[in-house]
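Worksheet for the structure shown next.
Residue numbers (the working numbering): 170 to 964.
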């Protein structure tokens with residue numbers, strides 16, 4: 170006995186050559202089975218028919234012109250799709266039906282009104298046209314198809330069904346239009362078949378709306394209850410009423426898309442043996458929501474209060490989307506469609522007039538322009554941490570939750586949020602539950618040595634990070650001191666230098682930050698690779714606007730104490746992160762190591778460090794045989810020093826880094842508090858750079874004298890920053906014993922020694938290259954990945 174396959178589809182899918190070819194292909198793939206197509210009437214033709222009725226009621230002469238246009242349109246469809254041998258019969262049918270329609274319109278013209286039966290007739294006649302057009306082009310291929318209206322097929326048995334049938338709407342006299350999916354479900358029950366397919370013309374069912382989450386993927390399988398949950402929360406592809414018929418008999422339903430004909434789409438069934446798999450199957454958003462809150466100290470323990478609220482809403486015909494009540498019973502919140510909000514408030518106010526006058530209820534408030542976002546999945550039930558991840562993800566994306574609800578079955582978690590934040594929330598949740606990649610909108614400031622190298626490193630590793638860890642680092646903006654390059658989807662880093670040269674525009678910092686901070690990205694970050702104090706002064710503003718900060722710029726970490734503390738207070742209040750590992754020690758793990766010591770309860774007694782790669786190189790290479798001034802010139806030529814070497818030789822850079830370390834220990838230190846031994850004589854401090862370089866020899870004698878003294882004591886000169894046990898900071902050039910870790914350094918090595926209660930007899934030593942664009946950029950890159958991990962990436 171042949172199986173019966175039932176497909177429901179929109180008539181409009183068949184009214185073009187592509188639709189005709191797909192129908193023939195569908196028939197070919199079902200040759201061994203009986204195929205039943207249930208079609209709706211073409212919506213556009215129905216709307217046009219109603220438009221004709223409106224014109225007739227208004228006694229508008231345009232009705233007759235429009236009627237001729239519709240008849241001409243249908244004849245053109247016949248000409249395009251149907252072979253010559255079948256056109257005449259169809260044209261005669263169309264002509265006869267349009268004569269009937271003209272008679273109906275004349276009656277409407279005279280009477281000025283129309284019955285539901287007339288509207289039902291239009292529904293029937295349009296469906297009949299589509300069915301007969303489809304029949305004609307199937308017959309033209311040597312196949313046969315039988316047309317039924319919905320009432321006729323209900324009288325048949327399985328044996329009486331022909332191999333290929335098409336079902337169109339019946340003549341009906343009720344307000345509701347014929348629904349192909351509901352009727353197809355009824356047929357599946359009647360004929361006891363497990364092969365039921367619902368086609369739509371727009372899209373496949375995905376883990377989230379692809380217009381909001383482009384990386385959303387097709388849901389391959391849904392359980393019945395998951396499907397009904399998604400349907401309730403706005404998934405227009407799921408007809409919950411139709412699925413109810415299937416559920417009653419355990420019939421499988423497949424959702425497919427005519428546009429993506431070869432994709433098998435989504436199977437909806439009872440999900441037996443599907444305990445494994447993702448905890449969340451998909452997310453859905455209901456827009457245009459209002460949240461009504463009722464508060465009152467007298468509500469606590471008041472019996473019947475909630476039922477009275479629902480009675481009031483029922484009497485006003487208000488649909489409740491979500492209900493939430495505080496455990497204190499002090500308040501309840503009800504989410505309703507925004508179009509129902511006014512009458513809901515009016516109904517509640519009237520019903521609670523007595524409670525309001527007696528101040529049992531203190532207030533009835535309404536917030537509009539909200540949305541409800543929901544996570545749906547059977548495997549959420551009983552799984553620890555799902556709700557925590559849900560709300561943590563929203564918090565990290567900077568999304569404020571107005572109200573929450575979770576069903577007792579644990580298959581759904583819902584939150585009411587600002588409608589303007591719905592896209593960001595959806596993307597953050599989708600990525601956090603690993604249904605898509607973790608996208609991070611990034612703006613890089615300062616594409617010079619460090620910033621440029623960072624962009625190259627990200628370019629080299631982006632594919633690996635995306636495929637292995639699901640991290641999508643989207644460099645959407647690059648800015649120098651004067652120019653900027655913006656790209657909506659992300660700059661192609663394989664040729665970013667050329668693109669920046671050709672396509673950059675004058676820098677507008679406001680536009681730059683607004684672009685990076687686009688609210689539809691769940692997470693946004695600015696990477697400041699400059700040395701600008703002005704940019705560092707904007708960090709708090711950027712964080713308040715939802716952006717994380719990653720930087721090797723020391724200016725924020727050594728700014729005045731009030732601003733410095735405000736940065737970390739802002740981190741706490743906003744959930745934004747401030748990463749600055751590379752401000753001390755380039756790519757070495759100095760800051761994080763110190764944080765670990767402090768946070769795990771170790772008492773840090775002293776910190777000493779060679780923290781300038783430039784000065785480390787100078788003194789690691791100085792043995793008196795070559796003048797110090799010549800080494801400085803050599804270092805400048807090799808790019809080890811700043812353009813003005815005094816920026817290094819003054820010791821200010823080491824002083825700043827020392828202050829950063831002291832502040833990590835909780836000491837209130839300003840840079841101005843630190844005694845810094847400058848290697849630049851005061852007479853040379855304010856000269857132009859070129860003149861300074863010409864008089865550089867003045868440094869030779871003082872340095873040589875210190876070198877001789879250190880050598881005589883069997884020590885090595887090192888330029889060191891120090892924080893003692895009382896938080897006192899100092900920066901000086903001193904001699905250290907030859908067995909000291911500082912004396913073992915070479916090249917540009919930074920060496921940092923932590924003396925603590927745990928590391929008392931032998932300090933904890935961190936040693937490695939402390940200068941160079943590769944290692945510093947690598948450290949910044951590592952901070953970006955730390956941020957990604959904090960945001961939920963699997964790195």
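Every residue, glycine too, gets a C-beta built ideally from N, C-alpha and C. Just so you know, these numbers come straight off a predicted model, no measurement behind them.
How many whole angstroms separate the CB atoms of residue i and residue j, which I take to be in contact at a CB cut-off of 8 Å?
i	j	result
residue 647	residue 659	Not really, about 11 Å apart at Cβ, beyond 8 Å.
residue 624	residue 653	Actually they are not in contact, since the Cβ atoms of residue 624 and residue 653 sit about 14 Å apart, beyond 8 Å.
residue 960	residue 692	5 Å
residue 330	residue 173	7 Å
residue 614	residue 698	6 Å
residue 696	residue 949	6 Å
residue 900	residue 595	Contact flag wrong, Cβ pair sits at about 51 Å.
residue 513	residue 530	Actually they are not in contact, since the Cβ atoms of residue 513 and residue 530 sit about 15 Å apart, beyond 8 Å.
residue 964	residue 638	4 Å
residue 406	residue 424	6 Å
residue 831	residue 922	About 15 Å separates the two Cβ atoms, so there is no contact after all.
Check this for me: beta carbons of residue i and residue j, under 8 Å apart or not?
i	j	result
residue 882	residue 916	no
residue 888	residue 798	no
residue 388	residue 451	yes
residue 965	residue 430	In this structure the chain extends from 170 to 964, so residue 965 is not present and cannot be described.
residue 843	residue 824	yes
residue 640	residue 957	yes
residue 266	residue 294	yes
residue 372	residue 440	no
residue 741	residue 545	no
residue 725	residue 748	no
residue 785	residue 908	no
residue 630	residue 730	no
residue 308	residue 393	no
residue 826	residue 723	yes
residue 801	residue 856	no
Among residues of its own chain, excluding the 5 on either side of residue i, which ones have a beta-carbon nearer than 7 Å to its beta-carbon?
i	result
residue 500	462, 463, 464
residue 588	456, 538, 539, 540
residue 415	354, 357, 365, 422
residue 634	640, 642
residue 945	619, 721, 751, 755, 756
residue 259	247, 251, 301, 302, 305
residue 894	774, 775
residue 943	622
residue 930	none
residue 821	845
residue 559	544, 582, 598
Within its chain, find whatever has a CB closer than 8 Å to the CB of residue i; leave out the 5 residues flanking it on each side and keep chain order.
i	result
residue 263	240, 243, 244, 247, 298
residue 772	925, 926
residue 744	564, 565, 567
residue 557	none
residue 517	461, 463, 478, 481, 482, 533
residue 448	546, 548, 549, 552, 555, 602
Spell out whether any CB of chain C is found under 8 Å from the CB atom of residue i.
i	result
residue 554	You won't find chain C in this structure, because it holds only one protein chain.
Less than 7 Å separating the Cβ of residue i from some heavy atom of the ligand COA?
i	result
residue 649	By its list of ligands, the structure shown contains no ligand whatsoever, and the ligand COA lies outside what it can speak to.
Using C-beta distances below 6 Å, list every residue in its chain close to residue i, excluding the 5 sequence neighbours before and after it, in chain order.
i	result
residue 318	337, 339
residue 327	360
residue 282	none
residue 127	In the structure as shown, the chain starts at 170 and stops at 964, and residue 127 therefore has no counterpart that could be examined.
residue 377	385, 452, 595, 599
- request: Go through the region 700-754 residue by residue and report every complete run of the alpha helix (DSSP H) that reaches 4 residues or more, in order.
  value: 702-705, 708-713, 730-743
Worksheet item: Whole alpha helix (DSSP H) runs in the region 850-888 with 4 or more residues, listed along the chain?
Response: 858-863, 869-881
Open item on the list: List, from N- to C-terminal side, the beta strand (DSSP E) runs of 3 residues or more that fit wholly inside the region 283-337.
Closed with: 315-318, 333-337
*Whole runs of the beta strand (DSSP E) within the region 518-564, excluding any shorter than 3 residues*: 532-545
**Study point:** Segments assigned alpha helix (DSSP H), at least 4 residues, entirely inside the region 341-378
**Key:** 349-359
Report task. Pair every Cβ in the region 569-582 with every Cβ in the region 603-620, then say whether three or more of these pairs are closer than 8 Å. Result -> no
Ordered list of alpha helix (DSSP H) runs contained in the region 582-630, each at least 4 residues: 591-601
Examine the Cβ distances between the region 215-224 and the region 191-203 and report whether three or more of them are shorter than 8 Å.
no
Does the structure place the region 309-316 close enough to the region 266-275 that three or more beta carbon pairs sit under 8 Å? no
Practice task
Would you be able to state if there are at least three C-beta pairs under 8 Å between the region 787-794 and the region 867-876?
Solution key: yes
Write down every uninterrupted run of the alpha helix (DSSP H) in the region 623-687 whose length is 4 residues or greater and which is fully enclosed by it, in chain order. 665-672, 678-685
**alpha helix (DSSP H) runs wholly inside the region 771-810, at least 4 long, in chain order** = 782-790, 797-806
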